[in-house]
Amino acid sequence: MWTEIMDNATGDNATDPLWSEGTLLSLQVSLYVLLAVVTLATALSNAFVIATIFLTRKLHTPANFLIGSLAITDLLVSILVMPISIVYTVTKTWSLGQIVCDIWLSSDITFCTASILHLCVIALDRYWAITDALEYSKHRTMRRAGMMVVVVWVISVSISLPPLFWRQAKAQEELTECVVNTEKIFYTLYSTFGAFYIP
1 MWTEIMDNAT
11 GDNATDPLWS
21 EGTLLSLQVS
31 LYVLLAVVTL
41 ATALSNAFVI
51 ATIFLTRKLH
61 TPANFLIGSL
71 AITDLLVSIL
81 VMPISIVYTV
91 TKTWSLGQIV
101 CDIWLSSDIT
111 FCTASILHLC
121 VIALDRYWAI
131 TDALEYSKHR
141 TMRRAGMMVV
151 VVWVISVSIS
161 LPPLFWRQAK
171 AQEELTECVV
181 NTEKIFYTLY
191 STFGAFYIP
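Structure follows, in structure tokens:
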């Protein structure tokens, strides 16, 4: 919906009095504020989860270790990915250069994939705890939870790094968008299956 509004406001309909500069600016400011509130809420809620798990000794369990790791991942998304995403979404152009683009895309892919995989690992942990309660309780250790988190991060990083090796650096004035090159069909399949379909 926002894209349609912005396209109408900046395209052929830009001369329409409905889309005056003031109206467009008001829409942009409103969107900035809304997305900033969502980002702040995301950061604070995940910080509270991390602090609660860290400070409450009774919560130092393998299951809560996985939840804490998910909260750290989502906190990283809210701090490193969402603020830049807000600017890019509202302005509809990339003005931060190739290096920041590469870092932002890599962070976005890594942290979002890690978040998805954390949810899968938590679901798997709960499934085993319910369906094989007696046997799994013997193997449900902090070490095992730590290994699950390591696997999540290894897979996430292995999905986010390949685009960095074939991206061509452009002069800052030439770069108007920051997107992953989807012309590499193998990578597109690899990342899509690794981040979405297989989990």
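For the sequence shown, the UniProt record's numbering gives the first residue as 1, with consecutive numbering after it.
Where a beta carbon is used, it is the ideal one built from N, C-alpha and C, also for glycine.
Just so you know, these numbers come straight off a predicted model, no measurement behind them.
Exposed or buried, what is Ser156 when buried is set at 16 or more other beta-carbons lying within 10 Å of its beta-carbon? By the Cβ neighbour-count rule, Ser156 is buried, with 16 or more other Cβ atoms within 10 Å of its own.
Beta-carbon spacing of Val87, Leu31 below 8 Å: With respect to Leu31, Val87 sits apart: the two C-beta atoms are not nearer than 8 Å.
Relative to the C-alpha of Leu96, which residue among Leu175, Val37, Thr39 and Pro62 is closest? Of the listed residues, the one whose Cα sits closest to Leu96 is Leu175.
Short of 6 Å in beta carbon distance, which residues of its chain neighbour Met82, apart from the five on each side in sequence? Order them along the chain. Correct list, in chain order: Thr39.
By how many angstroms is the C-alpha of Tyr136 removed from the C-alpha of residue 287? The displayed coordinates of the chain run from 1 to 199. Any statement about residue 287 would go beyond what the structure contains.
Looking at the structure shown, is Cys120 part of a helix, part of a strand, or coil, going by DSSP? Collapsing the DSSP output to three states places Cys120 in a helix.
So which of Phe65, Thr141, Pro163 and Ala145 has the shortest CA-CA distance to Asp108? The shortest CA-to-CA distance from Asp108 to any of Phe65, Thr141, Pro163 and Ala145 is the one to Pro163.
Going by other Cβ atoms of all chains shown within 10 Å of its Cβ, with 16 needed for buried, is Met142 buried or exposed? Met142 should be labelled exposed.
If you count every other CB in all the chains shown that lies within 10 Å of the CB of Thr33, and 16 or more means buried, which is it? For the record, residue 33 in the displayed sequence is Val; it is not Thr. Burial is judged here by how many other beta carbons sit within 10 angstroms of a residue's own beta carbon; Val33 has fewer than 16 and is exposed.
Shortest alpha-carbon distance to Leu161 belongs to which of Ser85, His60 and Ile103? When only C-alpha atoms are compared, the closest one is Ile103.
Considering only residues of the same chain and omitting the five flanking positions on each side of Thr73, which have a CB-CB separation below 7 Å? Only Phe111, Ala114, Ser115 and His118 meet the Cβ criterion.
State the Cα-Cα distance for the pair Leu105 and Ser191, rounded to the nearest angstrom. Answer to the nearest angstrom: the Cα atoms are 13 Å apart.
Assuming the contact rule is C-beta atoms closer than 8 Å, Leu75 and Ala43 should be a hit. Round their C-beta distance to whole Å, please. About 6 Å separates the Cβ atoms of Leu75 and Ala43, confirming a contact at the 8 Å cut-off.
Classify Trp94 as helix, strand or coil using the three-state DSSP reduction. In this structure, Trp94 counts as coil in the three-state DSSP scheme.
Relative to the C-alpha of Leu35, which residue among Lys184, Leu189, Ser45 and Ser85 is closest? With distances taken between Cα atoms, Leu35 lies closest to Ser85.
Please state if the CB of Ala123 and the CB of Ile159 are separated by a distance shorter than 8 Å. No, Cβ-Cβ distance for Ile159 and Ala123 is not below 8 Å.
Starting from Gly194, trace the alpha helix (DSSP H) both ways and give me its first and last residue. Element bounds for Gly194: n/a, residue is neither H nor E.
In three-state terms, what does DSSP make of Thr42? The answer is helix: DSSP assigns Thr42 an H, G or I state.
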